[in-house]
Structures are given as structure tokens and as C-alpha cells.
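Report on one structure; see the data block that follows.
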Amino acid sequence: MRTKLPIRQSGFTLVEMAVVIVIVGLLLGGLLMPMSMQIENYNRHETKKTMDSIKEALIGFALTNGRLPCPDFDGDGVEDRSAPPAPSDWDTLDTSPNPDEIRRPTQACANATPANLYQGYLPFVSIGIGRQDLWNDRFTYRVSPEFTDTFDVWAEITADGALDAAEIAVAALRTDTSLSSKGDIAISDRGDDTSTVGVETKSLNPIIGNAAALSTANAAAVIISHGKNRLSATQASSTTAMTAAPANSDELMNATNGIQKVSRTPTPSTSACNDTTEGSSFCEFDDMVDWIAPTILLSRMVAAGKLP
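Numbering (the working numbering), first residue to last: 106 to 413.
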């Protein structure tokens, strides 16, 4: 008589299935993390390429117009400049330093508050590039006054200090830009101030320029992307303001009006932070900051015959 052999059950046991699930979970987790990092790296890389193109477009604008553009304040992508002074205002003109010339009042960037004249949105329509970063937000743009303000100079023929019908324009448009122009925007990194005692502070370590000493070569213009966290950013499609960065953070300093800006190593979010006190953690930071150095802009303007 033939004996029957025991039949073996095929398939996995519960223990084996659990082990497989754990292994698959670990593999998926290992793949997903690099993927998110790859996406973030891609977004930052592409935004940096856009910012490089923006810098070239701004310099190109200066080579064409003899000045950098004003910011866009109303969100239409076009630079906003004050209207030329009306003829009724021409009797208050300046005849110094040359009494044979009349300098019409400055045509500057236009905004309701004088303190906010030089910071707003990037005028992407005026320069032809840079509508938004890879997070669909607008770029913040600040320009130094002497690289964008313009004025007219007229020949003083009647020697009365006012524009008369017989007097003619010596130059259609001039700017304060010269080979000695230095800008007024300071860009700094942030680090510990080893010289302080007691309640220690995090110091601003200059990258270009110094807000406390405008005799140094400060930036002519600065472009800022507010990064993945979008704190203090503005949506490109609707000009809707996103959540503001913490009051004590470098990201808020970059977003609000002022000549001091910060470019530093990105840091993650934390529950409690302060970017100025050493006893506290750094606030979240992922801004991308780039600028035009006066030396580069002036050399390009000289090469193009716009200066001296």
C-alpha cells in the first residue's frame, strides 16, 4: 500500500508577511525622502537660474535706459515711476553746481510713502522676465536710489533760474549714477557675536556693503525669492499676501522695506526662535537672495558707453 505524504501548504506565513511589509515600508520611505529632496533641490536650482536671468535683464535695462528700473508697486509687472514735474513747478529748479544749467526736480520711483519708494515687486513686464519663482510667488525687488532716479538738465540762457521758452534741454535724461556710485543696500550673513557678553546677540556679518557705513560699496539692487515656506511672500497670480514671517526673523527683514537684507544658510522651522539673540534657535529661513554689485553694473555701463 502506498503511503500518503503530508501536503505542504504554499504561501507566506503571517510572520513572513509582516517582515515583507516592514522591508517594503523601509524601501518606500528611503525612496520618498530623496524624492522630496530632489524636488526641493530642483525648485531652488530653477529659481536660481531665473534669478540669474533677472540680473542680466536688469543690467540690460540699465544699458538701454541709463538706469535700473523702479519696483512695481501695484502688481501689474510694470515699473512705477513718478510723473515728470509740471511746468508750474519749474520755477523751483536747482542751478547748482553749474549756474549755466537748470536741474529739474528728480523723477523717482512712485509710491504713497517716501520711505517705501525703492522696494516692491520685481517689474517683470518692464524687464521681460521673472514673473514668479518655482513656488508661484513674486520676487521682491529693491533698488538703490542713485541707480534709478533721473532728472533733466536745461541750459540757463536768461539767468533767472527758471525755465523759459528760449531755453533748451542739454540732456534728455540724466541719473545720479557715476563711477563713484556705491548703492545703499547691505547684504549680510548671520552669526554669533563673540564680542558680546551677558545677553549675547547674533551679529550681521557683511557679505556686500554695510548699512551703518554707506560709504562702502553696497548693492545696487537686490532680488529675493521667499522660498518653499512662502513666509511673507505674495502670490504671483492674485497678489495675495501669504502668512508673514515671525516678527524677530531675518525672513521678515527681507520682506519689509529697509536697506538691510540677509542671505544665510537655510534652517528648519522651530517652535521658538529669534534671529537676533544667541540664546534662541534660528528662525526658519529658506529665502533665496541675490544682488547686483555696483562694480559689475558700472563696468558694464562703461563698456556700453553709458558712463562716464
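Cβ atoms here follow ideal geometry from the backbone N, Cα and C, with glycine treated the same way. For clarity, every value in this text was computed on a predicted model and none was experimentally measured.
Going by beta carbons, Ala322 and Leu336 fall outside the 8 Å limit.
Across the structure, Pro174 and Ala316 are spaced so that their CA atoms are roughly 22 Å apart. With respect to Ala326, Leu222 sits apart: the two C-beta atoms are not nearer than 8 Å. Residues Ile312, Ile313, Gly314, Ala324, Val327, Lys366, Ser368, Val394 and Trp396 of the same chain have their beta carbon placed closer than 7 Å to that of Ile292, with the five preceding and five following residues left out of the count. Taking C-alpha positions only, Pro250 is separated from Gly182 by approximately 20 Å. DSSP places Asn310 within a strand segment (E or B) once states are collapsed to three. Residue burial annotation: Tyr226 is buried, with at least 16 other C-beta atoms found within 10 angstroms of its C-beta. Closest in C-alpha terms to Arg295, from the list Ile144, Phe390, Gly410 and Arg405, comes Phe390. Beta-bridge analysis with DSSP links Arg295 to Leu309. Residue pairing by DSSP places Thr155 opposite no residue, since no beta bridge is assigned to it. Going by DSSP, Asp391 is part of no beta strand (DSSP E) at all; its letter is neither H nor E. Contact between the stretch 154-163 and the stretch 232-248 is present, with at least three C-beta pairs closer than 8 Å.
Within the same chain, Glu305, Thr306, Lys307, Ser308 and Glu383 come within 8 Å of Asp298 by CB-CB distance, once the 5 residues on both sides are set aside. Annotation: Pro413 to Trp259 spans about 20 Å, alpha carbon to alpha carbon.
Rounded to whole angstroms, Ile364 and Ser342 show a C-alpha spacing of 27 Å. For a cut-off of 8 Å, the C-beta gap from Ser187 to Ala213 is around 5 Å, short enough to register as a contact. Here Ile234 carries a coil assignment [DSSP, helix/strand/coil].
When only Cα atoms are considered, Asp392 and Ala264 end up about 54 Å apart.
A residue is called buried when at least 16 other Cβ atoms come within 10 angstroms of its Cβ; Gln143 does not meet this threshold and is exposed.
Considering only Thr361, Trp240, Ser404 and Asn170, the residue with the shortest C-alpha distance to Ser285 is Ser404. If you check the CB distance, Asp355 and Cys378 do not come in under 8 Å. Look at Thr280 here: in three-state DSSP terms it is strand. The beta carbon of Ser374 sits closer than 7 Å to those of Glu389, all from its chain and outside the five residues before and after it, given in chain order. When rounded, the separation of the alpha-carbon atoms in His150 and Leu239 is 9 Å.
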